[in-house]
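S.K.: In this note's numbering, the protein residues as written are 1378 to 1474. For each residue, glycine too, the CB sits at the ideal point set by N, CA and C. Being a predicted model, the structure only gives us computed values, none of them experimental.
This is the structure in structure tokens:
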């Protein structure tokens, strides 16, 4: 089975960044960040490390300092980050908006 040349993963997580911050990571970076564990019960870092093509992982920092409550919907900051993430992905794949 042929694999795509490039794999892009978009997710949220805690990489100790600023609330709403977006950052690209490599598969090796993700493995260090998560130490091989995933809240999704799928060992994503281990699987990505075996992938033969290019891997780009875009994470959004969702942990808000001093706020451990849950709410429905997206905060304004995260909504802005979603729009920025789309632009970043367009840039990555070479699509002009």
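Which of the three DSSP states is assigned to residue 1399 in this structure?
M.R.: Here residue 1399 sits in strand by DSSP.
S.K.: Let's see if you can read the secondary structure: which residues bound the beta strand (DSSP E) around residue 1386?
M.R.: That run of the beta strand (DSSP E) goes 1383-1390.
S.K.: For residue 1447 and residue 1441, I'd like the C-alpha separation in whole angstroms.
M.R.: The straight-line gap from Cα to Cα measures roughly 11 Å.
S.K.: From this set, 1473, 1380, 1409, which residue's C-alpha is nearest residue 1393's C-alpha?
M.R.: Of the listed residues, the one whose Cα sits closest to residue 1393 is 1409.
S.K.: Is the beta carbon of residue 1432 closer than 8 Å to that of residue 1404?
M.R.: Their beta carbons are under 8 Å apart, which means residue 1404 touches residue 1432 by this criterion.
S.K.: Give the single residue among 1429, 1381, 1386, 1443 whose Cα lies nearest to the Cα of residue 1395.
M.R.: Of the candidates 1429, 1381, 1386, 1443, the one whose C-alpha sits nearest the C-alpha of residue 1395 is 1443.
S.K.: Determine the direct distance from the alpha carbon of residue 1473 to that of residue 1424, and round the result to whole angstroms.
M.R.: C-alpha separation (whole angstroms): 31 Å.
S.K.: Pick from 1401, 1407, 1457: whose alpha carbon is nearest that of residue 1426?
M.R.: Residue 1426 has its Cα closest to that of 1407, out of 1401, 1407, 1457.
S.K.: Check whether the Cβ atoms of residue 1455 and residue 1397 lie closer than 8 Å to each other.
M.R.: For residue 1455 and residue 1397, yes; Cβs fall inside 8 Å.
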